[in-house]
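> Okay, here's the structure, questions in a sec.
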Amino acid sequence: MQKELIYFLMFLFLVSCEDVIEVDLPEVETRLVVDGLLRVDKDQEFIDVRLTMRETSNFFEENQPTQVENAVIYYGTLNENNTFETVATSQLVEESPDTGVYVPDSNFGTDQRIPTSAAEPGATFILQLTHKGKQYYAQTQYAPTVFIDNLEQGDSNLFGDDETEVIVTFTDAPNEDNYFVFDFMNNEYQVVEDTFFKGQQFQFSYFYDDQLEAGQEITVSIMGATKEYYDFMSLILQQTGGNGGPFQTPVATVKGNVFDITELGNIEVLEPDTETNGYALGYFGVVQVYSSNLLIE
Numbered sequence: 001m002q003k004e005l006i007y008f009l010m011f012l013f014l015v016s017c018e019d020v021i022e023v024d025l026p027e028v029e030t031r032l033v034v035d036g037l038l039r040v041d042k043d044q045e046f047i048d049v050r051l052t053m054r055e056t057s058n059f060f061e062e063n064q065p066t067q068v069e070n071a072v073i074y075y076g077t078l079n080e081n082n083t084f085e086t087v088a089t090s091q092l093v094e095e096s097p098d099t100g101v102y103v104p105d106s107n108f109g110t111d112q113r114i115p116t117s118a119a120e121p122g123a124t125f126i127l128q129l130t131h132k133g134k135q136y137y138a139q140t141q142y143a144p145t146v147f148i149d150n151l152e153q154g155d156s157n158l159f160g161d162d163e164t165e166v167i168v169t170f171t172d173a174p175n176e177d178n179y180f181v182f183d184f185m186n187n188e189y190q191v192v193e194d195t196f197f198k199g200q201q202f203q204f205s206y207f208y209d210d211q212l213e214a215g216q217e218i219t220v221s222i223m224g225a226t227k228e229y230y231d232f233m234s235l236i237l238q239q240t241g242g243n244g245g246p247f248q249t250p251v252a253t254v255k256g257n258v259f260d261i262t263e264l265g266n267i268e269v270l271e272p273d274t275e276t277n278g279y280a281l282g283y284f285g286v287v288q289v290y291s292s293n294l295l296i297e
């Protein structure tokens, strides 16, 4: 009985010594986050335009949807003077209140959907936004891609038995520098450039960390990429260790291509050497995509 009393008193002493430590986290300036990757499926009549607008939050909080006062996409072909020969526009509106998801305005006087035929090599796409009184601008070129020649399951392991190997084979387009981003589902990505296999067939293995179940079907997509988007995704994957997606929390230290041009006024095309003082997070891109399915055995 005496021992039990001693243990009980020791327990009370230890509990009484616990202090609640409150950590004052620094206030950070919120930033606009633009999830603006448009995937072009040439089998469809129109591009699936869905842009998500969020705003960064404090530590340990998820980025929340936000609304923009104006959002419009301009697209066409630039001439030698770096101006549009002809230009078309797509006015965007929030799909549903408080979602932050913006789609072509179906109530506009004319069809605001972007036809897939507009996505051709050399086509330039510009996104202009107004958010909380600031003007944002992003410019990108359409990035075509190639087919996946073959997709098969392998039996090799990289670090352990809890992995599934998928072997991807594709043929690079000749006579130009090409960049690719592979989407392996569930925010798992891989970047590839053709420095060492220009115009040739190339094969590589991707290892899923978790063992996929027999009978499960996966989809692997190959997307074209500009050099700028390739570099952006490379930095994202370095930060996230290979997954996590391009628009998750780690993008806070990676600058994309959405710039604050409030002090520059209205501009039609951003010159390559133009300097801006601020930027949003995320990326605006227009890329062709091909997908292939594989049934896991």
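Numbering (this note's numbering), first residue to last: 1 to 297. We put the CB at the ideal spot given by N, CA and C, even for glycine.
#1: Which two residues bound the contiguous alpha helix (DSSP H) that contains Gln238?
#2: Are the Cβ atoms of Ile222 and Leu294 separated by less than 8 Å?
#3: Closest by CA to Asp111, which one among Tyr136, Met233 and Thr89?
#4: Would you decide whether Asp98 is buried or exposed? Buried here means 16 or more other CB atoms lie within 10 Å of its CB.
#5: Given that a residue counts as buried once 16 or more other Cβ atoms are within 10 Å of its Cβ, and exposed if not, what is Pro104?
#6: Output the distance between the C-alpha atoms of Leu25 and Val49, rounded to the nearest integer angstrom.
#7: Tell me whether Asn187, by its Cβ, gets closer than 7 Å to a heavy atom of the ligand MG.
#8: Evaluate the contact criterion for the stretch 136-143 versus the stretch 254-265: three or more CB pairs, one atom per stretch, below 8 Å.
#9: Taking the alpha-carbon of Tyr208 as reference, which of Ile296, Tyr74 and Ala118 has the nearest alpha-carbon?
#10: Which of the three DSSP states, helix, strand or coil, is assigned to Ala71?
#11: Could you work out which residue in Ile47, Met53 and Asp41 is closest to Leu32 when comparing CA atoms only?
#12: Give a yes or no on contact between the stretch 124-132 and the stretch 159-171, applying the rule of three or more CB pairs nearer than 8 Å.
#13: Of all the options Leu158, Asn187, Val181 and Ser292, which has the alpha carbon lying nearest to the alpha carbon of Asp231?
#14: Grab me the residues of Tyr290's own chain with a C-beta within less than 8 Å of its C-beta, minus the 5 sequence neighbours each way, in chain order.
#15: Under a Cβ-count criterion, where at least 16 other Cβ atoms within 10 Å of its own Cβ denotes burial, should Leu158 be classed as buried or exposed?
#16: Please list the segments of the alpha helix (DSSP H) lying wholly inside the stretch 133-190, counting only runs of 4 or more residues, in order along the chain.
#17: Out of curiosity, what's the CA-to-CA distance linking Phe284 and Ala119?
#18: What whole-angstrom Cβ distance do Gln288 and Gly224 have, given they're in contact under 8 Å?
#19: With a CB to CB cut of under 8 Å and the five nearest residues on each side skipped, what residues in its chain are close to Val191?
#20: Using the three-state DSSP reduction, which class does Leu212 fall into: helix, strand or coil?
#21: Since I believe Val68 is in contact with His131 (beta carbons under 8 Å), could you give me their beta-carbon distance rounded to a whole number of angstroms?
#22: Ordered along the chain, which non-local residues of its own chain (more than five positions away) have a Cβ less than 6 Å from that of Asp194?
#23: So which of Leu37, Ile47, Thr56 and Gln216 has the shortest CA-CA distance to Thr30?
#24: Check whether the Cβ atoms of Thr164 and Leu92 lie closer than 8 Å to each other.
In short, the structure shows the following:
#1: Lys227 to Thr240
#2: no
#3: Thr89
#4: exposed
#5: buried
#6: Confidence in Leu25 is poor, its pLDDT being 46 and thus under 50, which makes the residue's placement too unreliable to answer from.
#7: Absence of the ligand MG is noted for the structure shown, with no ligands found whatsoever.
#8: yes
#9: Ile296
#10: strand
#11: Met53
#12: no
#13: Val181
#14: Thr145, Val146, Phe147, Ile148, Ser221 and Ile222
#15: exposed
#16: none
#17: 15 Å
#18: 5 Å
#19: Tyr179, Phe180, Val181, Phe182, Ala225, Tyr230, Met233, Ser234 and Leu237
#20: coil
#21: 5 Å
#22: Asp172 and Asn178
#23: Thr56
#24: no
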